[in-house]
Structure formats: structure tokens, C-alpha cells
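Okay, structure first, notes after.
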Amino acid sequence: CRQMARRQFASFAVYTRRVQKEFPLTSMELSSEAGRRIQEQSGARVDLDHADVTCFIEIFDRQAIVYTEKIPGLRGLPIGTGERALGLLSSGIDSPVACWKVMRRGVKMNFVHFHSMPYTSEASLNNTRRLVELLTPYQFTSKLYSVPFIEIQQQVMATARPEYGVVLYRRSMIRIAEKIARKLRANALVTGESIGQVASQTLSNIRAIADPATLPILRPLVGSAKEEIIAVAREIGSYEISTEPYEDCCSLFIPKHPVTRALPEIILDAEMKLDLEKLERQALEAAQVEQFRFP
């Protein structure tokens, strides 16, 4: 076995798996025969519990694979087996990690990004594009919807109580994202929310923000510490992009003291004074769609 000849070892083990069950030898017989030949050539002893090196044999139809090392992968499911979802993607640290975690479970992801240009630069949108480019190789194709959000923000800030601004922004984002998701036949939204990480992510506010949704909202980071999220971001390569200087729509018109326990009656009263249906429709109509492919 060339794989074994390249290694220095005093003990070894052989494990065989037969995908092709019609093969004339059983897995045990194959392991025994391979082990006998390895022992003849190397003089090493057999140790099935603590071997220096393990020879793996997999038998397929008319071919076999022999290897001595297993390299851990992402331990996920094939893309597409978990249906479709739409990720609310900023250029920050959390949302790319959240989307990646859901993709790893076989879910085909597309993405929506809300921007406040021209009141902010294009840096946030460009960084988001780079994040989609980073994630696309896991699923080969992606769509990114870029939604102008400044009109909604201006109307909210002009009409509603300032401390409720972020919650009202995010409720509009959820409604717009859900319309895009249904167009794409996606069965869930994905966000990077984590309990208590920022003022808008208390349980009361998470509930208030999710209230307009009829699709489930997946929050794979909900119980994660920031250090854990950063570790995954470094692992997948998104951290460097997410920490570049940028100003996004969520950093614009931020109140000094945002509400931490949003009250439904105040939210509904504020939304009744706004023509949000019209504003959200206009934002959706102005959305730009970009296609990403790998390779």
C-alpha cells in the first residue's frame, strides 16, 4: 500500500467499508488480508485501539479508495437539501456568520441588504458584495437584493418617538424581506440577532421586530457570545471584511437612548401615522438584484 509506505509507524489498524456489498470478501476479510500484507512489509504490530496509523479502505463498484488520513470538513448537509431561506445581510460580523451556519445545514441562501445611500457611502454595500462572494462558493450561485432604505428612515425619524426608531426600521426590513422571500419561494428569514448584544436585541425588542413576520425567522447566533461569533468569522474569512470601516443604514439616525422594551401600542400608533405600505412598496420596487456565481 503506497499510502502506508510513506508513513513511519510501529503499530497500525485497517478498517474497510463496502459500498458494493456484492464484493466477494466481507469487510472483515478485506481488513484481515490487507493487514497481513502491511505487516509482512513493515513488521509493525496490529493495534485496533491506539494505532500510530490507520488504513481506511472503501470498496465501490469496480474501484477502491485507500487512504490513511481523514481531514475534517464543515460537517454539514448538501446545499439544497434544506430548502431555501433569505438572509438579512449587513456588512457587519454577525449576519454573515448566521447565514453561513444555516447554509451548512443544507439551506440554499439568497441575501437582502438595506442601504442608506447617498446619505452613507457605498462602502457598506461593497463590503456586503464581498461577503456574498465569500459565501457563494459553498452553494455555487447567490442573489443579492440591495434595497434603498433612506426614505423609510427619514419618515420614521420625522414622525415617531426617536427611541423607537431602530425597532421601527427593523420591522419594515422584515416586511420587505418577507416579500422578497416569498418571491424566491424561500421558507424562512435568517438574521444575525444575539440576545442582549445591542439595545435592539432584548427579548422584548426581538419579539416586537418579528411580530409582522409570517415566515419563521431563524436566529442561529441567538445564544452565542460575541467571542464565539468572531471565532467563526475568522474561520470562514469574513472577519477581515466585516471589520473594515463603513457606515450602514443601522448606524444612521441612531437615537442616543434606544428603547430596550418596546411597547406594542406605541409601535402600532407610530406605524398608523406613517404610510409604510407605500414606502415599503417603493423601496422594494427600487431594489437592485445582483447575481453571483462560483466558479
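In this note's numbering, each number is its position in the sequence shown, counted from 1, plus 1335.
Just so you know, even glycine gets a beta-carbon here, dropped at the ideal spot from N, CA and C.
Considering only the alpha carbon of each residue, which of the options lies closest to residue i?
{"i": "valine 1388", "options": "Lys1514, Arg1341, Leu1423, Val1447", "result": "Arg1341"}
{"i": "cysteine 1434", "options": "Ala1379, Ala1399, Tyr1473, Ile1406", "result": "Tyr1473"}
{"i": "arginine 1517", "options": "Arg1506, Leu1550, Thr1537", "result": "Leu1550"}
{"i": "leucine 1383", "options": "His1592, Ala1548, Asp1396, Phe1347", "result": "Phe1347"}
{"i": "valine 1381", "options": "Leu1598, Ala1548, Phe1344, Ser1477", "result": "Phe1344"}
{"i": "serine 1507", "options": "Ile1487, Tyr1499, Pro1599, Thr1494", "result": "Ile1487"}
{"i": "glutamate 1579", "options": "Ile1544, Ser1477, Ala1458, Glu1606", "result": "Ala1458"}
{"i": "glycine 1527", "options": "Leu1553, Ser1539, Leu1503, Glu1620", "result": "Leu1553"}
{"i": "methionine 1393", "options": "Ile1530, Gln1532, Arg1505, Ser1366", "result": "Reading off the sequence shown, one finds glutamate at residue 1393, where the question assumed methionine. With distances taken between Cα atoms, glutamate 1393 lies closest to Ser1366."}
{"i": "leucine 1469", "options": "Glu1620, Gln1355, Ser1577, Tyr1350", "result": "Ser1577"}
{"i": "threonine 1416", "options": "Ile1541, Thr1471, Arg1542, Met1444", "result": "Met1444"}
{"i": "alanine 1314", "options": "Val1442, His1592, Arg1337", "result": "Summary: the structure shown does not reach residue 1314, with the chain confined to residues 1336 through 1630, and so no result is reported for it."}
{"i": "phenylalanine 1637", "options": "Gly1378, Arg1337, Asn1540, Pro1413", "result": "Examination of residue 1637 is not possible in this model, given that the chain is present from 1336 through 1630 alone."}
If we count the other Cβ atoms within 10 Å of its Cβ and call it buried at 16 or more, is residue i buried or exposed?
{"i": "glycine 1422", "result": "buried"}
{"i": "glutamate 1563", "result": "exposed"}
{"i": "lysine 1608", "result": "exposed"}
{"i": "proline 1555", "result": "buried"}
{"i": "glutamate 1513", "result": "buried"}
{"i": "glycine 1427", "result": "buried"}
{"i": "proline 1431", "result": "buried"}
{"i": "phenylalanine 1446", "result": "buried"}
{"i": "phenylalanine 1484", "result": "buried"}
{"i": "histidine 1448", "result": "buried"}
{"i": "tyrosine 1402", "result": "exposed"}
Taking the alpha-carbon positions, what's the residue i to residue j distance?
{"i": "glutamate 1404", "j": "phenylalanine 1391", "result": "8 angstroms"}
{"i": "valine 1567", "j": "lysine 1561", "result": "10 angstroms"}
{"i": "tyrosine 1454", "j": "threonine 1463", "result": "17 angstroms"}
{"i": "threonine 1537", "j": "isoleucine 1589", "result": "17 angstroms"}
{"i": "leucine 1409", "j": "arginine 1439", "result": "7 angstroms"}
{"i": "valine 1482", "j": "leucine 1524", "result": "16 angstroms"}
{"i": "glutamine 1617", "j": "phenylalanine 1395", "result": "57 angstroms"}
{"i": "glutamate 1375", "j": "alanine 1386", "result": "17 angstroms"}
{"i": "histidine 1450", "j": "leucine 1611", "result": "17 angstroms"}
{"i": "alanine 1622", "j": "isoleucine 1515", "result": "10 angstroms"}
{"i": "phenylalanine 1627", "j": "leucine 1460", "result": "14 angstroms"}
{"i": "phenylalanine 1629", "j": "glutamate 1606", "result": "42 angstroms"}
{"i": "glutamate 1357", "j": "methionine 1363", "result": "14 angstroms"}
{"i": "isoleucine 1530", "j": "glycine 1558", "result": "6 angstroms"}
According to DSSP, what are the bridge partners of residue i?
{"i": "tyrosine 1480", "result": "Val1447, Val1624"}
{"i": "threonine 1389", "result": "Ala1348"}
{"i": "isoleucine 1394", "result": "Arg1353, Ala1399"}
{"i": "valine 1467", "result": "In DSSP, valine 1467 forms no bridge with anything."}
{"i": "alanine 1420", "result": "Met1444"}
Enumerate, from N- to C-terminal direction, the unbroken alpha helix (DSSP H) stretches of 4 or more residues contained entirely within the stretch 1342 to 1371.
none
Which full runs of the alpha helix (DSSP H) of 4+ residues lie inside the stretch 1537 to 1602, going along the chain?
1538 to 1545, 1561 to 1571, 1574 to 1577
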